[in-house]
Amino acid sequence: MDTKVNRASSREALIAEFDRVRAYTEHLCVPLATDDYQIQSIDQTSPPKWHIAHVSWFFEAFVLPHFVPGYEMFDPDFDFLFNSYYYTHGRMHPRPRRGLLSRPTVEEVFRYRARVDERMLELMVGIDDAKWQELAFRVILGLNHEEQHRELLLMDVKHNFSVNPLKPAYRKDLEAKPGEARPMRWLERAGGIHRIGYEDEGFAYDNETPRHEVLLGAHRLADRFVTNGEYRGFVGDGGYEDPALWLSDGWALIQREGWRHPLYWGRQDGDWTQFTLGGLRMLDPHEPVCHLSFYEADAYARWAGKRLPLESELETLLAEHPVAGNFADDDLLHPAPAGDAGQWYGDLWAWTASPYTAYPGFKPLAGSMGEYNGKFMSNQMVLRGGSCATPPGHTRASYRNFFYPNERWAFTGLRLAEDS
Ligand SMILES: [Fe+2]
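If you use my numbering, the sequence shown corresponds to residues 4 to 423, in order.
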């Protein structure tokens with residue numbers, strides 16, 4: 004198996020990383036009441052209790068039995084309840100019904116988690132050197148998987164709380180970062196043959212490989228996200244009422260769902276509000292507009308006389324910048340106004356105009372782990388950069404996130420591009 008270990012290549016370092024990632028997931032649960040663990044507001048989201056169990060299941064399904072002879076699962080039924088989508092591994096409980104699992108209880112799920120931690124630490128300490136690299140690869144994949152679920156947990160808690168008329172805050176201590184968005188600057192980008200995709204020594208998902216050549220036309224990229232104030236101009240100009248601005252599927256969607264503004268926007272005494280993980284706030288015109296579907300991002304770009312960037316255009320831009328920005332450890336859990344230096348990584352996942360498809364020569368991981376990414380390569384769009392809910396160190400220039408074009412509960416945003 005191809006092994007790529009970046010963040011922690013020694014045994015001691017990986018054990019410390021395992022402890023850190025697992026502990027931080029539990030830290031995110033501290034503000035939750037027991038009642039909050041059960042809610043699943045829409046089919047796409049999962050209850051916090053399910054996330055907590057599923058990221059532990061990943062180690063039971065793909066790591067422990069492969070290295071521990073005669074490994075006995077904590078509870079064989081959990082293999083059905085907490086398998087997400089790995090059909091080659093076995094059957095699973097349907098995703099839209101995860102919120103109906105009042106049992107196992109929250110307390111049992113945390114006991115499950117503690118047991119998996121115990122067995123994983125025994126394994127990592129005791130395994131022969133000859134098998135270490137293979138184990139390390141699987142552990143690192145499991146930790147990256149858990150980090151993805153940490154972002155999902157925040158996205159899902161936000162949606163779960165948003166449907167409650169009391170509009171509760173996940174964390175009352177969160178505050179908005181004040182700032183003023185200066186006028187958008189346009190970066191001239193040269194055309195020609197460029198290379199994208201991952202080829203360093205560290206960890207990357209299979210969908211980021213292989214590195215390959217792409218042909219780009221000369222273009223310009225905005226140095227920051229579109230703001231709430233700018234998007235309000237689109238709403239006020241009848242953007243949601245003009246079919247000429249919308250892709251056909253998007254137009255049908257906004258008619259069917261009655262969408263007239265981004266998710267989590269609301270009205271209070273004639274002003275716009277926005278629901279956040281810190282509760283209900285007045286809409287700040289300087290913050291980047293967030294929780295847009297691909298269709299809304301695309302319609303805005305058309306209204307503005309621009310277009311969405313290609314994923315290859317964004318990757319070549321991001322590769323020129325250090326991976327720094329407003330990530331989950333900034334403790335805003337909300338996008339912030341662009342600073343003078345521009346916005347690159349963090350704040351929001353930027354929608355691109357690129358469909359999520361395989362790179363030339365793409366090979367999924369062997370076995371059930373090959374279901375992780377490759378089988379989703381149809382009907383979804385790529386997003387780049389990372390968000391204010393992404394764990395720091397989890398994203399990179401080549402990182403390909405993907406969502407269906409109608410989905411908007413992720414921390415998604417809009418960066419504009421145009422041909423030169
Ligand atoms: Fe998962």
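By construction, the Cβ of each residue, glycine as well, lies at the ideal position given by its N, Cα and C atoms.
Do residue i and residue j have their CB atoms nearer than 9 Å?
{"i": "Y402", "j": "G388", "result": "yes"}
{"i": "D333", "j": "G308", "result": "no"}
{"i": "V385", "j": "E323", "result": "no"}
{"i": "W412", "j": "D159", "result": "yes"}
{"i": "T108", "j": "G373", "result": "no"}
{"i": "R235", "j": "W189", "result": "no"}
{"i": "D38", "j": "F164", "result": "no"}
{"i": "R398", "j": "M380", "result": "Checking the sequence shown, residue 398 turns out to be Thr, not Arg. Cβ distance not < 9 Å, so T398 and M380 don't count as in contact."}
{"i": "G195", "j": "L219", "result": "yes"}
{"i": "A344", "j": "N329", "result": "no"}
{"i": "R116", "j": "H69", "result": "no"}
{"i": "A420", "j": "R310", "result": "yes"}
{"i": "S371", "j": "H222", "result": "no"}
{"i": "P408", "j": "G242", "result": "no"}
{"i": "W347", "j": "L320", "result": "yes"}
{"i": "L144", "j": "F206", "result": "yes"}
{"i": "E244", "j": "P265", "result": "no"}
{"i": "S296", "j": "L256", "result": "yes"}
Quick one: give me the first and last residue of the alpha helix (DSSP H) that residue i is part of.
{"i": "Q271", "result": "Segment W268 to Q271 is the beta strand (DSSP E) holding Q271; no alpha helix (DSSP H) there."}
{"i": "M127", "result": "V109 to G129"}
{"i": "I143", "result": "D132 to S165"}
{"i": "A304", "result": "F297 to W306"}
{"i": "L84", "result": "F81 to L84"}
{"i": "L320", "result": "E314 to L321"}
Report the three-state DSSP secondary structure of residue i (helix, strand or coil).
{"i": "P408", "result": "coil"}
{"i": "V58", "result": "helix"}
{"i": "A341", "result": "coil"}
{"i": "T6", "result": "Model confidence at T6 stands at a pLDDT of 35, short of 50, so the residue's coordinates are unreliable and nothing is read from them."}
{"i": "L419", "result": "coil"}
{"i": "G205", "result": "coil"}
{"i": "M380", "result": "coil"}
{"i": "M95", "result": "coil"}
{"i": "A64", "result": "helix"}
{"i": "G236", "result": "helix"}
{"i": "G73", "result": "coil"}
{"i": "V385", "result": "strand"}
{"i": "A413", "result": "coil"}
{"i": "E374", "result": "helix"}
{"i": "L256", "result": "helix"}
{"i": "Y27", "result": "helix"}
{"i": "P51", "result": "helix"}
{"i": "G241", "result": "coil"}
{"i": "G328", "result": "strand"}
{"i": "G102", "result": "helix"}
{"i": "Y90", "result": "coil"}
{"i": "R14", "result": "helix"}
{"i": "Y173", "result": "coil"}
{"i": "Y362", "result": "coil"}
{"i": "T37", "result": "helix"}
Between which two residues does the beta strand (DSSP E) holding residue i run?
{"i": "D333", "result": "It is not in any beta strand (DSSP E) - D333 carries neither H nor E in the DSSP assignment."}
{"i": "I1", "result": "Residue coverage of the chain in this structure runs from 4 to 423, which leaves residue 1 outside it and unanswerable."}
{"i": "L283", "result": "G282 to M285"}
{"i": "F278", "result": "D274 to T279"}
{"i": "E191", "result": "W189 to R192"}
{"i": "T355", "result": "W352 to P358"}
{"i": "L218", "result": "H215 to L219"}
{"i": "L248", "result": "Taken as a continuous stretch (DSSP letters only), L248 belongs to no beta strand (DSSP E), as it is neither H nor E."}
{"i": "A225", "result": "H222 to A225"}
Ligand 2 and residue i: does any heavy atom of the ligand fall closer than 8 Å to the residue's C-beta?
{"i": "L311", "result": "The ligand content of the structure shown is limited to ligand 1, which means ligand 2 is not among them."}
Query - Chain-ordered list of residues that sit, by beta carbon, closer than 6 Å to a heavy atom of ligand 1 - result: H57, S87, H148 and H152
**Report entry** Stretch-stretch touch, CB-based, cutoff 8 Å, three pairs: the region 204 to 219 with the region 348 to 367
**Finding:** yes
Query raised in the report: Any chance the region 113 to 131 sits against the region 212 to 231, with 3 or more Cβ pairs inside 8 Å?
Result: no
Requested in this report: Please confirm if the region 162 to 179 is in contact with the region 281 to 299, defined as three or more CB-CB distances below 8 Å between the two stretches.
Outcome: yes
**Report entry** Three-pair Cβ contact test at 8 Å for the region 146 to 153 versus the region 22 to 31
**Finding:** yes
Query raised in the report: Below 8 Å, can you find three or more Cβ-Cβ pairs linking the region 57 to 64 to the region 134 to 150?
Result: Using a Cβ-Cβ distance cut-off of 8 Å, the region 57 to 64 and the region 134 to 150 are in contact, since at least three pairs of beta carbons, one from each stretch, lie closer than that value.
**Report entry** Three-pair Cβ contact test at 8 Å for the region 391 to 398 versus the region 95 to 107
**Finding:** no
Query raised in the report: Taking contact to mean at least 3 C-beta pairs separated by less than 8 Å, is the region 131 to 139 in contact with the region 39 to 51?
Result: no
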